[in-house]
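Q: Would you mind keeping the following structure in view while I ask a few things?
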Amino acid sequence: MKIGILTSGGDCPGLNAVIRAIVRKSDQLGFESIGIKNGWKGIFDESYEKLDLNNVAGIVNKGGTILGTSRFSPFEKKKGKDILLHKIARENFDAIIAIGGDGSMHIAQIAFEAGLNVVGVPKTIDNDISGTDYTFGFDTAVGIATEAIDRLHTTAESHHRIMILEVMGRHAGWIALYSGIAGGADAVLIPEFKTKVSDVLKILSSRFKRGKLFSIIVIAEGTKFDEKSMAKRKEDIKLDDFGRERLGGIGNYLADEIERRTGFECRATVLGHVQRGGMPSAFDRVLGTRLGIYSVEMVNEKKFGRMAALQANEIVDIPFTEAIGKLKTVDKELYEVAQVFFK
Ligand code: F6P
């Protein structure tokens, strides 16, 4: 059995743990592992690397992906489907394990429908893929964001400032919510629940009245305010390779609005890619390892068109169709846990 392994979409801590686990399990079962470079693009470029026990040694704790990644969408290219099928047949791949986020699972589903033997492994720091309780990368990102909040706290308190931390989270505010609860934020703003700047000002003034001259606000990058003033000019919007808007900057918008409307000194920190790079947490290494091993078992059992997932601490598999389409977002009940502290 010849298995092609690819990582696609934004990188995240834990990818190398998955790759290592796939190669080790494949070796145990006598399968051949081929690394496909830079996501689905590697098939078009015919960029492959044979993987064995030696080239996955010592990578379980390494961030990023040794295979490289991209947001390349084969089916959006001219004759993309034919090229993909032709090149995969020529390489004699028996199965492809695609490790990726929502966009990559969409591609995996289309590839499966086109006749390829594809198995999926979910990854994203955003934790927004349906059908899995957690994705690896998320725990590491939350740890980094929480540490950032802890650090902002001491300087905010010393200078009597309002500090805003902008974290990643395009459609879902999981990182903001978890790090906000863990770091004791005074407000957490996420894309799922629309807010007005005036709602934030109410929280700040209630703290001010209690003698709290500093505040910490955590905001997910995908958060939108109702205010018209935040509308971006079309020419300011940049897109990524999946055609999605490149986010970042909402924290600065909020800081400017707070200063303009209240005169309180307010500073924003955009955590950006710091939360996506570096060593994975132990949790993410273990989750990535379990998913990687399971994905090879799925190949062995010919469970194609399906994604490995974590449900109630068990690794299971679900059809791609269950994982894609609807993102897993923060529900009201959980958000209300954080809201208890917005005062
Ligand atoms: O999709 C995960 C994610 O971390 C999003 O939260 C973020 O908008 C995006 O990746 C940014 O990725 P990049 O900087 O690679 O375009």
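Its first residue numbered 962, the sequence shown is counted upward by one per residue in the working numbering.
Ideal Cβ placement from N, Cα and C applies to all residues, glycine included.
Predicted, not measured: the structure shown is a model, and the values here were computed from it.
#1: So, for G1209: in the same chain, excluding its five sequence neighbours on each side, which residues have a beta-carbon less than 8 Å away from its beta-carbon?
#2: What residue from L976, T1115, I1060 has the CA that sits closest to V1080's CA?
#3: Could you tell me whether any non-hydrogen atom of ligand 1 is closer than 7 Å to the CB of T1101?
#4: Would F1033 and G1064 qualify as a contact pair, given that the criterion is a beta-carbon distance under 8 Å?
#5: Quick check for students: name the residue ranges of the beta strand (DSSP E) that lie wholly in the stretch 1123 to 1162, counting only runs of 3 or more.
#6: Exposed or buried, which one is T1093 when buried takes at least 16 other CB atoms within 10 Å?
#7: Is S1256 near I1058, with beta carbons less than 8 Å apart?
#8: Identify the continuous alpha helix (DSSP H) that holds S1176 and give its terminal residues.
#9: Can you tell me which of the three DSSP states S1034 falls into?
#10: If I follow the unbroken beta strand (DSSP E) through R1228, where does it start and stop?
#11: Report the residue from E1037, F1099, K986, S1008 whose alpha carbon sits nearest the alpha carbon of G975.
#12: From which residue to which residue does the beta strand (DSSP E) around S994 run?
#13: May I ask whether a heavy atom of ligand 1 can be found less than 7 Å away from the beta carbon of M1129?
#14: Just grab the DSSP bridge partners of V1082 for me.
#15: What whole-angstrom Cβ distance do F1302 and G1145 have, given they're in contact under 8 Å?
#16: DSSP on D1217, reduced to helix/strand/coil?
#17: Whose C-beta lies closer than 7 Å to the C-beta of H1132 among residues of the same chain, with five residues either side of it excluded?
A: Reading it off the structure:
#1: The residue labelled residue 1209 in the question sits at position 248 within the sequence shown. Within the same chain, G1209 has close Cβ partners E1127, E1182, V1231, G1233.
#2: One-based indexing of the sequence shown puts residue 1080 at position 119. Selected option, being the one with the closest Cα: I1060.
#3: What you label residue 1101 is simply residue 140 of the sequence shown in a count that begins at 1. Incorrect: T1101 has no Cβ contact closer than 7 Å to ligand 1.
#4: Against the sequence shown, residue 1033 aligns to sequence position 72. Against the sequence shown, residue 1064 aligns to sequence position 103. No, Cβ-Cβ distance for F1033 and G1064 is not below 8 Å.
#5: 1123 to 1128, 1148 to 1150
#6: Mapped onto the sequence shown, residue 1093 falls at position 132. With 16 or more Cβ atoms within 10 Å of its Cβ, T1093 is classed as buried.
#7: Translated into positions along the sequence shown, residue 1256 becomes position 295. Translated into positions along the sequence shown, residue 1058 becomes position 97. Against a cut-off of 8 Å, the Cβ pair of I1058 and S1256 comes out as a contact.
#8: In the sequence shown, residue 1176 corresponds to position 215, counting from 1. Run containing S1176: none in the alpha helix (DSSP H); it sits in the beta strand (DSSP E), 1176 to 1181.
#9: The sequence position of residue 1034 within the sequence shown is 73, counting from 1. Coil, per DSSP.
#10: Stepping through the sequence shown from its first residue, residue 1228 is reached at position 267. DSSP places R1228 in the uninterrupted beta strand (DSSP E) bounded by 1227 to 1231.
#11: Taking the sequence shown and counting its residues from 1, one reaches residue 975 at position 14. Cα-wise, what sits closest to G975 is F1099.
#12: Indexing the sequence shown from 1 puts residue 994 at position 33. Note, S994: beta strand (DSSP E), 993 to 997.
#13: Position 168 of the sequence shown, counted from the first residue, corresponds to residue 1129. In this structure, ligand 1 has a non-hydrogen atom nearer than 7 Å to the beta-carbon of M1129.
#14: The residue labelled residue 1082 in the question sits at position 121 within the sequence shown. Answer by DSSP bridge pairing, in chain order: I1060.
#15: Here the question's residue 1302 lines up with position 341 in the sequence shown. Here the question's residue 1145 lines up with position 184 in the sequence shown. Sure, about 7 Å apart at Cβ, within 8 Å.
#16: To locate residue 1217, count along the sequence shown from 1; it is residue 256. In the structure shown, D1217 sits in a helix (DSSP, three-state: H, G or I).
#17: On the sequence shown, residue 1132 is found 171 positions in, with the first residue counted as 1. The residues are D1089, P1152, G1183, L1288, T1290.
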